[in-house]
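Student:
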Amino acid sequence: MPHFLDWFVPVYLMISILILVGFGACIYYFEPGLQEAHKWRTQRPIMERDLRKTLMIRDNLAFGVPEPNMEKDVAPALCPPASRLAGPSRIPGPVESKNEATMSELVPEPRQKPVVPMKPVGINANLLGYIGIDTIIEQMRKKTMKTGFDFNIMVVGQSGLGKSTLVNTLFKSQVSRKSSGWNREEKIPKTVEIKAIGHVIEEGGVKMKLTVIDTPGFGDQINNENCWEPIEKYINEQYEKFLKEEVNIARKKRIPDTRVHCCLYFISPTGHSLRPLDLEFMKHLSKVVNIIPVIAKADTMTLEEKTEFKQRVRKELEVNGIEFYPQKEFDEDLEDKTENDKIRQESMPFAVVGSDKEYQVNGKRVLGRKTPWGIIEVENLTHCEFALLRDFVIRTHLQDLKEVTHNIHYETYRAKRLNDNGGLPPMTSETEENHESNL
């Protein structure tokens, strides 16, 4: 047993040492960090010696001390004394410039850090709020609320059809001609007159300059031949006025818009058919203005008579080639076409009842007309279609009425006017005087 231990213990220790050495070699081989650390540790004395030599040479060159023998004197000179740093300044000579050049070659200049742009002062991203393209809608809303907008509506029809009452009911204000100092003893004019009344209506912070153009005397004469000509002339005069303002060299920042955006044509509730005067008027005026036909005093007809009369009017307008607003060719997309087709086929012409008097119905104050058999509610769809007309003119198509007037009717007049003038803008009295003075 002692003989066995004499050779087993040394062999066992030798094998253990070889295993540990092999394991360490494997770790050293497969771990690059240990190799770098070993390399840096072995080269550290050489690097420290080179650094001490470089610093000593720099200090000697800076203070004019002769270069020492590095083999004999390798003492570190990490920094010069404070007395040397505070010594008097000397005028650099050729020797010093040479030493400085040598020092710049030995000691590289420190690399400058890239300049990081500073954040703008006074701008807080949290205060800006939501940023998006759809904010232009809010910008347009604010601008419209400041400047307001114009809307000009014309009412045409025989006397006694309730034109003034309907307009007052439409805008819930006394905006008609009769509400602005009309005398009941005033006689019916012998010819068609054009009377415009302007009002400023403000609702919800939005200002609207409303102009109501009335046409007293239309269709009230025995001979109504060409009675639509004064109305057509007035509409074209407003186009001409806008065109002259537009072609001026120093034109206004905001041109006053007196063009007629909408024409409500009142049809008598005969229950039979349209009169020749109705057809002739709409045939001539539908090319220059947006015509919306309405059946006045629809409460004089039964529900069946009203439905049949509306169908007969739509058919007569289609047979005679009369286009009323909204025109089919002006539908911009499928959504507009679907909505406008429903209006053209079901609602037009609107059978309306107007009233500016209120009555108590089921505990509520409503606008209506009192009859022996009950109260006809103006805003009740089962009684009349006034609510549909109001939504159509004000809520859904008011802006489109203005755009069609500007982009279609006015542009048609403008192109014709410039073509007749040889492509030149119309001459106003001011431009003629300036032209004559220049000659």
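Just so it is clear: in the sequence shown, position 85 is 71 by my numbering, and no numbers are missing.
Backbone N, C-alpha and C fix where the C-beta goes; we use that ideal spot for every residue, glycine too.
Since the model is a prediction, treat every value here as computed from it, not as a measurement.
#1: In whole angstroms, give me the CA-to-CA distance for Thr293 and Val142.
#2: What residue range does the alpha helix (DSSP H) around Arg376 cover?
#3: Give me the Cα-Cα distance between Phe9 and Val(-5), rounded to the nearest whole angstrom.
#4: Look at the alpha carbon of Thr151 and the alpha carbon of Tyr399, and state the distance between them as a whole number of angstroms.
#5: Check whether the Cβ atoms of Leu384 and Asn276 lie closer than 8 Å to each other.
#6: Compute the beta-carbon to beta-carbon distance between Thr362 and His369, rounded to the nearest angstrom, for a pair I have assumed lies under 8 Å.
#7: Between which residues of its own chain and His270 is the CB-CB distance below 8 Å, once the five residues before and five after are set aside?
#8: Please return the same chain residues whose Cβ sits closer than 8 Å to the Cβ of Thr130, not counting the five positions on each side in sequence.
#9: Report the CB separation of Ala337 from Ala284 in whole angstroms; it is logged as a contact under 8 Å.
#10: Is any beta-carbon of chain C found at less than 8 Å from that of Tyr(-2)?
#11: List the whole-angstrom C-beta distance separating Val274 from His395, where the pair is believed to meet the contact cut-off of C-beta under 8 Å.
#12: Excluding the 5 residues preceding and the 5 following Arg351 in the sequence, name in chain order all residues of the same chain whose CB lies nearer than 6 Å to its CB.
#13: Starting from Ala182, follow the beta strand (DSSP E) in both directions and report where the run begins and ends.
#14: Name, in chain order, the residues that DSSP records as bridge partners for Asn138.
#15: Distance, Cα to Cα, Asp206 vs Lys314?
#16: Pro279 lies in the beta strand (DSSP E); which residues open and close that run?
#17: Tell me whether Phe310 sits in a helix, a strand or coil according to DSSP, three-state version.
#18: In or out: Glu91 buried (at least 16 other Cβ within 10 Å) or exposed?
#19: Check for me: the beta strand (DSSP E) holding Ile253 runs from which residue to which?
#20: Please state if the CB of Asp342 and the CB of Thr155 are separated by a distance shorter than 8 Å.
#21: Below 8 Å between beta carbons: does that hold for Val299 and Leu260?
#22: Short check: CB of Ser272 to CB of Gln144, under 8 Å?
#23: Can you tell me where the beta strand (DSSP E) with Glu353 in it begins and where it stops?
#24: Measure the Cβ-Cβ separation of Phe252 and Leu147 and say whether it is below 8 Å.
#25: Bridge partners of Phe204, per DSSP?
Tutor: Result, derived from the coordinates:
#1: 23 Å
#2: 372 to 376
#3: 21 Å
#4: 32 Å
#5: no
#6: In the sequence under discussion, the amino acid at residue 362 is Ile, which differs from the Thr named in the question. The pair is a contact, with the Cβ atoms about 5 Å apart (cut-off 8 Å).
#7: Trp214, Glu218
#8: Val192
#9: 4 Å
#10: The structure shown contains no chain C; it is built from a single protein chain.
#11: 6 Å
#12: Glu344
#13: 181 to 189
#14: Thr197
#15: 33 Å
#16: 277 to 281
#17: coil
#18: Unreliable positioning characterises Glu91 in this predicted model, as indicated by a pLDDT of 49, which lies under 50. A coordinate reading is not provided.
#19: 248 to 253
#20: yes
#21: yes
#22: no
#23: Strictly speaking, residue 353 in this sequence is Leu, with Glu absent from that position. From DSSP, the beta strand (DSSP E) with Leu353 extends over 350 to 357.
#24: yes
#25: The partner list for Phe204 (beta bridge, DSSP) is empty, contrary to what the question assumes.
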